[in-house]
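Have a look at the structure below, then the notes.
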Amino acid sequence: AQTPDLIQHGGSAVEGMVFSQLFNRDSRNERYLAFRKRFLERFEQEPDFASVLSYEAAQVLFDAIARANTGTPDAIRQAILDRKTYKGIHDDFTIDEFGDAHRQRFLITIRNQEFVTLESP
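Using my numbering, the first residue of the sequence shown is number 102, and each one after it goes up by one.
Listed below in structure tokens is the structure:
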């Protein structure tokens, strides 16, 4: 939901909408700020939720491949599950036995056709 398309196509109907998101573009977290700086330098645009979550997913996979005894899908899956905590862009997160990530969420609203973080650590 946190894309410019929502505001563009939703217009005034989405003004004041509140939703939960895994991405906080207003974060002052050092890891996010360093990622944002590198992303802006490389791609000349602001990172969004897709770029942050894709980067984190790739890091999890690269780490698991490096630690797996073999390159089989089962070995890689087990390597992912064996690591208890991963360092994310916004915060550390865990992945449970079902492959679900458990992490901090942020409340976002749309105010004056802009995404605004309501809760930011």
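By construction, the Cβ of each residue, glycine as well, lies at the ideal position given by its N, Cα and C atoms. Since the model is a prediction, treat every value here as computed from it, not as a measurement.
*Between Y133, P174 and T173, which lies nearest to Y156 when the distance is taken from Cα to Cα?*
Of the listed residues, the one whose Cα sits closest to Y156 is Y133.
_Checking 8 angstroms against the spacing of the C-beta atoms, do T218 and D106 come in under that value?_
The answer is no: Cβ separation not under 8 angstroms.
_Which complete alpha helix (DSSP H) runs does the region 175-208 hold, if anything under 4 residues is left out?_
Taken in chain order, the region 175-208 contains no complete alpha helix (DSSP H) segment of 4 residues or longer.
*asked:* Please tell me whether T210 and G117 are closer than 8 angstroms, where the distance is taken between their beta carbons.
replied: The answer is yes: Cβ separation under 8 angstroms.
_Backbone CA spacing between D175 and E142 [nearest angstrom]_ = Here the C-alpha atom of D175 lies approximately 37 angstroms from the C-alpha atom of E142.
*Could you please give me the residues that DSSP links to I166 through a beta bridge?*
DSSP, once it has assigned bridges, lists no residue as partnering I166.
_Give me the residue from G189, I196 and E131 with the minimum Cα distance to I181._
Closest in C-alpha terms to I181, from the list G189, I196 and E131, comes I196.
*Rounded to whole angstroms, how far is the Cβ of L208 from the Cβ of V153, which I believe are closer than 8 angstroms?*
Taking 8 angstroms as the upper bound for CB-CB distance, L208 and V153 are not in contact here, some 17 angstroms apart.
_For D193 and A165, what's the separation of their Cα atoms in angstroms?_
Cα to Cα, D193 sits roughly 16 angstroms from A165.
*Determine the direct distance from the alpha carbon of N125 to that of D149, and round the result to whole angstroms.*
Rounded to whole angstroms, the gap between the alpha carbons of D149 and N125 is 9 angstroms.
*Within this structure, are the beta carbons of H191 and N130 separated by less than 8 angstroms?*
Taking the C-beta atoms as reference points, N130 is found nearer than 8 angstroms to H191.
*asked:* Mapping the DSSP letters down to three states, classify R143 as helix, strand or coil.
replied: Note: R143 maps to helix in three-state DSSP.
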